[in-house]
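A.B. asks:
Residue numbers (the numbering used here): 93 to 484.
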């Protein structure tokens, strides 16, 4: 079927307005995820007594709903994306609250909602919705003094961060705090607030270190490897040395045989050992391209809400990537954070598809008429109109 501009269907409209370069970058990452799943997951499946390609098949199967979500969400208008985010945020917060009381405890945390053979992690879906709503509230606080946008944005952050801490999930708390703080800064809020928030964040980290033994243990092991077990981090770092520039070859790696999380948190280490540093740099370039493309689109956007939302969403995508890769090369303590579209994980895959679907939808080309102008552009137009009036 050939798509033409004369066709007035939703698919045609989407195809000729979506950022196809970003879309190609995301599709390449999904393809890379399948290749690395073939490399990393069979040994894990065998250890668990499952069929060798159990996780590979599930990873491929998840790509279908992931792409469907990304496509469906990217066809929405900015107003529809905002409304969808509100619904997702409210439902997700209710589920997160419920899990604290009735959810199963896995590895000392309550984060998952059992759904038959699958488990859903609501916080993953709340993240992009939270970013969109926060961007809208910050933008409203700039435009309208009668709207308590700043206060509501702080309230949303407090509720979401508190529920993440109670799970506990400090990695995700840190991630959304950084992105929220960046949006806070972009909104042009008074620097006193910025300093206060930084001080509050530092105080929170110190409190977590003092009051929570497992947090202190991770930080201590990172700063002084001799103080505890650093087995996973050590094996991950070794995989980069063994792989060299071009890798040992597909299926020739050994790190996947000894790391329990090689198909999720440490899949980047598997890529390094089997395909080499060149492949890792190509993968990093793909991620960087998507992030920089998104930030470039955001910088050109005249609508304040869209500008902030796109910047926040690609920062979420980029920072999660950066944290995962930094953990794999020993630059950060283990966080339990997946590599977007590469690591195995249903909730992570679908939620990241939602995140990038929002991004694609907000960056689609639209007629300039009726779109909110950048404040500086609007002021210039007013001055120009006044000058013409005075001349007349």
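Every residue gets a Cβ at the ideal spot worked out from N, C-alpha and C, and that includes glycine. Note that the structure is predicted; figures quoted are calculated from it, not measured.
Can you pull the DSSP bridge partners for residue 198?
C.D. replies: 201
A.B. asks: Is it buried or exposed, residue 442, if we count other Cβ atoms within 10 angstroms and call 16 or more buried?
C.D. replies: buried
A.B. asks: Looking only at its own chain, which residues have a Cβ that is under 7 Å from the Cβ of residue 260, when we skip the five neighbours before and after it?
C.D. replies: Excluding sequence neighbours, residue 260 sits near 201.
A.B. asks: Going by DSSP, what residue range makes up the beta strand (DSSP E) through residue 452?
C.D. replies: Here residue 452 belongs to no beta strand (DSSP E); instead the alpha helix (DSSP H) covers 438-454.
A.B. asks: Within a Cβ cutoff of 8 Å, which residues of the same chain sit near residue 378, ignoring the five residues on either side of it in sequence?
C.D. replies: 117, 120, 121, 124
A.B. asks: Compute the Euclidean distance between the alpha carbons of residue 101 and residue 454, then round it to the nearest angstrom.
C.D. replies: 19 Å
A.B. asks: Using the three-state DSSP reduction, which class does residue 220 fall into: helix, strand or coil?
C.D. replies: Judged by DSSP in its simplified three-state form, residue 220 adopts helix.
A.B. asks: In terms of alpha-carbon separation, which member of 408, 425, 371 lies closest to residue 445?
C.D. replies: 408
A.B. asks: Look up residue 354 in the DSSP assignment and say whether it is helix, strand or coil.
C.D. replies: coil
A.B. asks: Can you find at least 3 beta carbon pairs, one from the segment 179-194 and one from the segment 226-234, that sit closer than 8 Å?
C.D. replies: Contact between the segment 179-194 and the segment 226-234 is absent, because fewer than three Cβ pairs lie under 8 Å.
A.B. asks: Report yes if the CB atom of residue 395 is closer than 9 Å to the CB atom of residue 135, and no otherwise.
C.D. replies: No, the pair does not count as a contact, with Cβ atoms beyond the cut-off.
A.B. asks: How big is the Cα-Cα spacing for residue 372 and residue 239?
C.D. replies: 46 Å
A.B. asks: For residue 222, which residues from the same chain have a beta carbon less than 7 Å from its beta carbon, with the 5 sequence-adjacent residues on both sides left out?
C.D. replies: 181, 248, 252, 268
A.B. asks: Can we say the segment 154-166 touches the segment 396-406, given the rule of at least three CB pairs closer than 8 Å?
C.D. replies: no
A.B. asks: Any idea what DSSP makes of residue 210, helix, strand or coil?
C.D. replies: Of the three classes helix, strand and coil, the one that applies to residue 210 here is strand, per DSSP.
A.B. asks: Whose C-alpha, out of 263, 197, 227, is nearest the C-alpha of residue 174?
C.D. replies: In this structure, 227 is the residue among 263, 197, 227 with its C-alpha nearest to the C-alpha of residue 174.
A.B. asks: Would you identify the three-state DSSP class for residue 278, choosing helix, strand or coil?
C.D. replies: helix
A.B. asks: Give the DSSP-derived three-state secondary structure of residue 259 in the structure shown.
C.D. replies: coil
A.B. asks: With 16 as the cutoff for other CB atoms within 10 Å, does residue 349 come out buried or exposed?
C.D. replies: exposed
A.B. asks: Are the CB atoms of residue 133 and residue 355 nearer to each other than 9 Å?
C.D. replies: Yes.
A.B. asks: Taking the alpha helix (DSSP H) that residue 325 falls in, what are its first and last residues?
C.D. replies: 323-335
A.B. asks: Answer with buried or exposed for residue 196, where buried requires no fewer than 16 other C-beta atoms within 10 angstroms of its C-beta.
C.D. replies: exposed
A.B. asks: By alpha-carbon positions, which one of 104, 130, 110 ends up nearest to residue 436?
C.D. replies: For the set 104, 130, 110, the Cα lying nearest the Cα of residue 436 is the one of 130.
A.B. asks: Just the Cα atoms here: how many angstroms apart are residue 361 and residue 386?
C.D. replies: Each residue's alpha carbon lies about 27 Å from the other.
A.B. asks: Looking at C-alpha atoms only, which residue of 391, 145, 380, 344 is the closest neighbour of residue 413?
C.D. replies: If we check each option's Cα against that of residue 413, 380 comes out closest.
A.B. asks: For residue 325 and residue 432, I'd like the C-alpha separation in whole angstroms.
C.D. replies: Taking the straight line joining both Cα atoms gives about 20 Å.
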